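In the working numbering, the protein residues as written are 934 to 1636. Accompanying notes for the structure given below.
Have a look at this one:
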């Protein structure tokens, strides 16, 4: 079937005549700043008596005439003035929607975002808003200006005003009139103080957050995720464009070439050979190598690639006294399999090819579900473990799910994970309520058990599968991050994979500002690797664009090592690229492009689709998911790094391959483990009281 890819871009025409804008050196009413990076030769010429070299900004009223003000007709061939034209178009966008009484804000990357009130979904506690963003770019995918229209999800705005909320510390972002503001902003400028002092608290309404919802007794519902994100996303932006953009009034500002989202130009589309994502599993009884593309199917018929490095594995449980009987039922299903006609899980040993038995003498029960740690510590101190001969795995049956209203209850599992990790024991959490429901539904329960068996196998040191196609010696280093919203602090973790077969080696984690330590850990991985093998290249997968401060010590270190191999940095947008997507209108109403499809969206910038849809598949299950593409930017500090035309495809292929090595779940991931695993470490490790034990830094206990 021939693909037909469209993208969420609307082409609009260049103006017949470029706009004339008015400029002042002073900030006057109704003016907007123009940063010095946009000072063109034409701007400097209209202020002959001013020394603009020491000026950070001048001001413009755009096309509104100002008496005695200088003016220029924008030259859209000049890069600086083209950026001013973009600023002018964003100004028009804001004014257009503000004039229609909508909330208009900047999103986190500075683009115009419009909040449309929902006709449904409102409750007595909040009003629901759908958020749409606009990004303006010029001739990136086509030869015309481009308006990217994206759906940014929803926000719930409380019906309770700031005035009626007792604990102001819980208030964060609020809607006030047609704008939003952060209630906890630093009042460090006169302008901010003036704004804060003018706020009428009974007219400011906080945006929903879990702490506020708990304080105000607002019911917390588990979010409903659509089976297919593409369907919802495309339906919403199409309806939005039809109703609000394809009107004569809006098209007077943005004269669209067509009232339709554009086709992705054919010369921008390419595909990674799916066979390069081939995975190697355990050999058969005759010693033949066994491979497969899809782990979910392979694990039903093949053995894992490598067992944990210990023949004796014992499992025990930690649970509340009242849950003991249910734990027995759970263990029987885990160990022996499920009782259902269509059976894909016949027990732990059959599924992941390991011997494992229950360790009844290590069973731990507690009576205080809100504070079980003292009881567990007391019991743990009385137990002995034979770590020389046995590998242990503990299942913690949690009385609380992740939506529990009390933060302390959510932290209990983290403390238990640390407690047992210090004893050299890996843990697996099981939500008690969900477990009870699952035991009653044996058919669906087996899929949860498959994922648990997979994760336990990996946590114990096994390798369920690895990449089958690894013909080059490369060191791949992944750096991921997680922001703790409560502390407002970002933690970063680096995970190292030696060579490109994807087998994980070790990690470290740091605070965001520990640049030297991060660089040191990356250089140590490079040094350890190159001391035993000559690398063809060093590749760093980074969760954001790498700054000069982050990159410089790595370059200096590599120069000192005299490696003489190229360094490539891939900025991988781990939050799925929802500002720009593509969709296949020839795949019925499912819309998701084939896995391995990549689209060039700029110089060494790409959208890459990682999913479980392969070219010759006749059937696709919704349970395999519909992940959005990831956005990748490739760069290198080496001048001749891109002389080999094939290197970009090799680097994209590597990302594609590393997204197939996730061992927490059988569902195909869109983000490679080089970003995903470090993010998971950065989410958990900083919450430990005493950090991660050194002997646990080469294990996947965090799955």
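Ideal Cβ placement from N, Cα and C applies to all residues, glycine included. These numbers were taken from a predicted model, which means no experiment stands behind them.
{"query": "Beta-carbon contacts of residue 1594 that lie in its chain and below 6 Å, excluding the five residues immediately before and after", "result": "1435 and 1606"}
{"query": "CB contact flag (residue 942, residue 993, <7 Å)", "result": "no"}
{"query": "Under 7 Å between C-beta atoms of residue 1146 and residue 1153", "result": "yes"}
{"query": "Simplified DSSP assignment, three categories, for residue 1502", "result": "strand"}
{"query": "Cβ-Cβ separation, residue 1100 to residue 1148 (assumed contact under 8 Å), whole Å", "result": "6 Å"}
{"query": "Euclidean distance between Cα positions of residue 1329 and residue 1251", "result": "5 Å"}
{"query": "Buried or exposed (CB count within 10 angstroms, at least 16 for buried), residue 1551", "result": "exposed"}
{"query": "Simplified DSSP assignment, three categories, for residue 1322", "result": "coil"}
{"query": "Exposure label - residue 1108; buried when at least 16 CB within 10 Å", "result": "buried"}
{"query": "Limits of the beta strand (DSSP E) - the one that residue 1106 falls within", "result": "1106–1109"}
{"query": "Assigned secondary structure, residue 1225 (DSSP; H/G/I helix, E/B strand, else coil)", "result": "strand"}
{"query": "Among 1468, 1467, 1070 and 1399, the one whose alpha carbon lies nearest that of residue 1228", "result": "1399"}
{"query": "Anticipated Cβ contact below 8 Å, residue 991 with residue 967, distance rounded", "result": "5 Å"}
{"query": "Same chain, Cβ closer than 6 Å to residue 1625, neighbours up to 5 away in sequence not counted", "result": "1618"}
{"query": "Endpoints, beta strand (DSSP E) assigned at residue 990", "result": "990–995"}
{"query": "Coarse secondary structure for residue 1218, derived from DSSP in three states", "result": "coil"}
{"query": "Per-residue DSSP class, three states only, for residue 1183", "result": "helix"}
{"query": "Buried versus exposed call for residue 934 [16 or more other C-beta atoms within 10 Å across all chains shown]", "result": "exposed"}
{"query": "At least three beta-carbon pairs within less than 8 Å, the stretch 1470–1488 to the stretch 1497–1505", "result": "yes"}
{"query": "Of the residues 1061, 1081 and 1058, the one placed nearest residue 1067, counting alpha carbons only", "result": "1081"}
{"query": "First and last residue of the uninterrupted beta strand (DSSP E) at residue 1517", "result": "1515–1517"}
{"query": "Residue nearest to residue 1201 in terms of C-alpha spacing, selected from 1531, 1319 and 1512", "result": "1531"}
{"query": "For residue 1527 and residue 1204, believed in contact at Cβ under 8 Å, the rounded distance", "result": "7 Å"}
{"query": "For residue 1400, the three-state DSSP class (helix, strand or coil)", "result": "strand"}
{"query": "Coil, strand or helix - residue 1473 by DSSP", "result": "strand"}
{"query": "Inter-residue spacing [alpha-carbon to alpha-carbon] between residue 1599 and residue 1633", "result": "16 Å"}
{"query": "Nearest-angstrom beta carbon gap, residue 1077 and residue 949 [assumed within contact, 8 Å]", "result": "Contact doesn't hold; Cβ gap of about 14 Å is too wide."}
{"query": "Alpha-carbon spacing of residue 1179 relative to residue 1194, whole angstroms", "result": "11 Å"}
{"query": "Three-state class that DSSP yields for residue 1199 in the structure shown", "result": "helix"}
{"query": "Limits of the unbroken beta strand (DSSP E) element including residue 908", "result": "As displayed, the chain neither begins before 934 nor continues past 1636, which places residue 908 out of reach and without an answer."}
{"query": "Helix, strand or coil at residue 1058 [DSSP, three-state]", "result": "coil"}
{"query": "The beta strand (DSSP E) enclosing residue 1083, as first and last residue numbers", "result": "1078–1091"}
{"query": "Coarse secondary structure for residue 1605, derived from DSSP in three states", "result": "coil"}
{"query": "Selection from 1357, 1096 and 1344 that minimises the alpha carbon distance to residue 1327", "result": "1357"}
{"query": "Residues near residue 1368 by beta carbon distance below 8 Å, same chain, minus five either side", "result": "1259, 1263 and 1330"}
{"query": "Pick from 979, 1385 and 1054 that is closest to residue 1596, judged by C-alpha positions", "result": "1385"}
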